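Student:
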Amino acid sequence: MLNQPRVITTPDDPEWDSLCAFLQSHAADLDRQDAWPADQLDRCAAAGVFQWFAPRELGGQGWDEIDLVRGYLRLSAACLTTTFVLTQLVGALRRVAAAGNENLHRQTLPRMLSGEHLSTLAISHLTTSRRHLAEPVLRAVEADGQFILNGYSPWATGAIHADSVVTGAVLPDGQQILILAPTDLPGIEAEPPAALQALSASQTGKVSFRDVRLPAANLLGGPAENVMRSATGANTGGLQTSTLAIGLADACIEFVEQQAQQRDELTPPAAGLRADHRAIVADLLAMARGEPACGPEQLRTRANSLALRASQASLTAAKGAGYVWGHPAGRWCREALFFLVWSCPQPVLAANLCEFAGIE
Numbered sequence: 108m109l110n111q112p113r114v115i116t117t118p119d120d121p122e123w124d125s126l127c128a129f130l131q132s133h134a135a136d137l138d139r140q141d142a143w144p145a146d147q148l149d150r151c152a153a154a155g156v157f158q159w160f161a162p163r164e165l166g167g168q169g170w171d172e173i174d175l176v177r178g179y180l181r182l183s184a185a186c187l188t189t190t191f192v193l194t195q196l197v198g199a200l201r202r203v204a205a206a207g208n209e210n211l212h213r214q215t216l217p218r219m220l221s222g223e224h225l226s227t228l229a230i231s232h233l234t235t236s237r238r239h240l241a242e243p244v245l246r247a248v249e250a251d252g253q254f255i256l257n258g259y260s261p262w263a264t265g266a267i268h269a270d271s272v273v274t275g276a277v278l279p280d281g282q283q284i285l286i287l288a289p290t291d292l293p294g295i296e297a298e299p300p301a302a303l304q305a306l307s308a309s310q311t312g313k314v315s316f317r318d319v320r321l322p323a324a325n326l327l328g329g330p331a332e333n334v335m336r337s338a339t340g341a342n343t344g345g346l347q348t349s350t351l352a353i354g355l356a357d358a359c360i361e362f363v364e365q366q367a368q369q370r371d372e373l374t375p376p377a378a379g380l381r382a383d384h385r386a387i388v389a390d391l392l393a394m395a396r397g398e399p400a401c402g403p404e405q406l407r408t409r410a411n412s413l414a415l416r417a418s419q420a421s422l423t424a425a426k427g428a429g430y431v432w433g434h435p436a437g438r439w440c441r442e443a444l445f446f447l448v449w450s451c452p453q454p455v456l457a458a459n460l461c462e463f464a465g466i467e
């Protein structure tokens, strides 16, 4: 039985140290294909993490975007896998909270806020993955007050452990719906997750739908021409991704700083990386306040670059020990690669490639 932490109510709460220490001490346990952060999620639920993302009138704590960013920075520095899983779970929670569906607010949302009911996102086919295909990969027809779904969502994190998924489908007239689908319904199958270079414990894989009947009472958005554009409540988007990359870089830089206490030659690179980190955190928080000093794609480009450079610096500082499986520096290097493929816009990819090639 885990020692139950106090509920964290602000990013400055002293209980943060206990939560982050727990996540950090168990991060290495998640660096394998068959792992799942069950204990970590339980600890986050007990600390009230899920409550941050819903308004007070619905039983949450209603943290603003600045505090959420600060929270994600600390969590991702402690354990990127757990934090990535959380982004998908609370992404689903925020969709439910923002939908205006009083039935779900009454019956399902309270259990989401306590961590008793885990819901995850299965919407990548509406945002990035598979959008280039001529035919939608997940379709729906409406009949007798129900929506009948057929097809698949290619990427869903933790679906094999989730009680429900928030997914989207395309109707025959081209309009889209967003809907909550309990995973115990006949016809829903979460397939074995993909083996990833890192974050495999996120258990991210395909979810298939075969004649799945969902009541219209589970509708979260639509029908609409672009339901993701009209939906609200999960608006961190690229800012959230950049935040996690910056949090990972923080952990790497801290390691280099620790090594520099015994090795003077590491002091200048550690100081340079920390200066870059302070600057990008300042721009990140400015963007969260609605006072951007740069565009989101520029911020993401810098975040990717910092995560890659800082993780490789940690491996260099660790020397041969860092190349042995189980050392955090090796894991951080593999985790940093994730940001080159996770919802990475083409301009960001182009900018990172130019940096790799040493060209402007």
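In the working numbering, the protein residues as written are 108 to 467.
A virtual CB, placed ideally from N, CA and C, is assigned to each residue, including glycine.
From a predicted model like this one, the values you see are computed outputs, not experimental measurements.
Roughly how far, in whole angstroms, is the beta-carbon of Glu-332 from the beta-carbon of Gln-282, given that I think they are within contact range, below 8 angstroms?
Tutor: 6 angstroms
Student: May I ask you to report which of helix, strand or coil DSSP gives Gln-140?
Tutor: If DSSP states are grouped into helix, strand and coil, Gln-140 belongs with coil.
Student: From the DSSP output, which residues share a beta bridge with Ile-286?
Tutor: Thr-274, Leu-326
Student: State yes or no: is the C-beta of Ala-352 within less than 9 angstroms of the C-beta of Ala-443?
Tutor: yes
Student: Counting only runs that start and end within the segment 349–391, where is the beta strand (DSSP E) found for 3 or more residues in a row?
Tutor: none
Student: Return the Cβ separation of Ile-360 and Arg-381 in integer angstroms, given the expectation that the two are a contact with Cβ distance under 8 angstroms.
Tutor: 6 angstroms
Student: Note down the Cα distance separating Ser-221 from Ile-466, rounded to an integer number of angstroms.
Tutor: The straight-line gap from Cα to Cα measures roughly 49 angstroms.
Student: Could you compute how far the alpha carbon of Ser-231 sits from the alpha carbon of Thr-264?
Tutor: 11 angstroms
Student: Keeping to the same chain, check which residues put their C-beta closer than 7 angstroms to that of Ser-125; ignore five residues upstream and five downstream.
Tutor: Pro-112
Student: Could you check if Asn-210 is buried or exposed, using at least 16 other CB atoms within 10 Å of its CB as the buried criterion?
Tutor: It is exposed - the Cβ of Asn-210 has fewer than 16 other Cβ atoms within 10 Å.
Student: Does the segment 277–292 touch the segment 120–139, meaning 3 or more C-beta pairs lie closer than 8 angstroms?
Tutor: no
Student: Do Leu-196 and Thr-234 count as a contact pair if the criterion is CB distance below 9 angstroms?
Tutor: no
Student: Leaving out five residues on either side along the sequence, give the residues of the same chain with a beta carbon under 7 angstroms from the beta carbon of Gly-329.
Tutor: Gln-282, Gln-283, Ile-284, Leu-285
Student: What is the residue span of the alpha helix (DSSP H) that Arg-246 lies within?
Tutor: Premise fails: Arg-246 lies in the beta strand (DSSP E), 245–250, not in any alpha helix (DSSP H).
Student: Where does Asn-342 land, buried or exposed, given buried means 16+ other C-beta within 10 angstroms?
Tutor: Any answer about Asn-342 is weak, because its pLDDT of 46 lies below 50 and its placement is not dependable; what the coordinates show is given next. When all chains shown are included, Asn-342 counts as exposed.
Student: Identify, in the order they occur along the chain, each residue of the same chain with its Cβ nearer than 6 angstroms to the Cβ of Gly-179, setting aside the five sequence neighbours on each side.
Tutor: Inspection of the sequence shows that residue 179 is occupied by Tyr rather than by Gly. Excluding positions up to five away in sequence, the list reads Thr-350.
Student: Taking the straight line between their C-alpha atoms, what separation do you get for Asn-208 and Leu-287?
Tutor: Roughly 11 angstroms between the two C-alpha positions.
Student: Using DSSP with H/G/I as helix, E/B as strand and the rest coil, what is Glu-223?
Tutor: coil
Student: Whose C-beta lies closer than 6 angstroms to the C-beta of Gly-169 among residues of the same chain, with five residues either side of it excluded?
Tutor: Pro-162, Arg-163
Student: Check each candidate in Arg-139, Gln-369, Ala-134, Asp-371 and name the one with the smallest Cα separation from Leu-303.
Tutor: Arg-139
Student: Does DSSP classify Gly-433 as helix, strand or coil?
Tutor: coil
Student: Could you give the residue range of the beta strand (DSSP E) that holds Ala-309?
Tutor: In the sequence as displayed, the identity of residue 309 is Ser instead of Ala. Counting along the chain, Ser-309 falls outside any beta strand (DSSP E), and DSSP gives it neither H nor E.
Student: Would you mind working out which of Asp-383, Lys-426, Gly-354 sits nearest Phe-446, comparing C-alpha positions?
Tutor: Gly-354
Student: Runs of 4 residues minimum, wholly inside the segment 397–424: which ones carry the alpha helix (DSSP H) assignment?
Tutor: none
Student: Under 9 angstroms between the Cβ atoms of Ala-308 and Pro-435?
Tutor: For Ala-308 and Pro-435, no; Cβs fall outside 9 angstroms.
Student: Give a yes or no on whether the C-beta atoms belonging to Arg-317 and Asn-411 are separated by under 9 angstroms.
Tutor: no
Student: Distance, Cα to Cα, Ile-255 vs Ile-295?
Tutor: 12 angstroms
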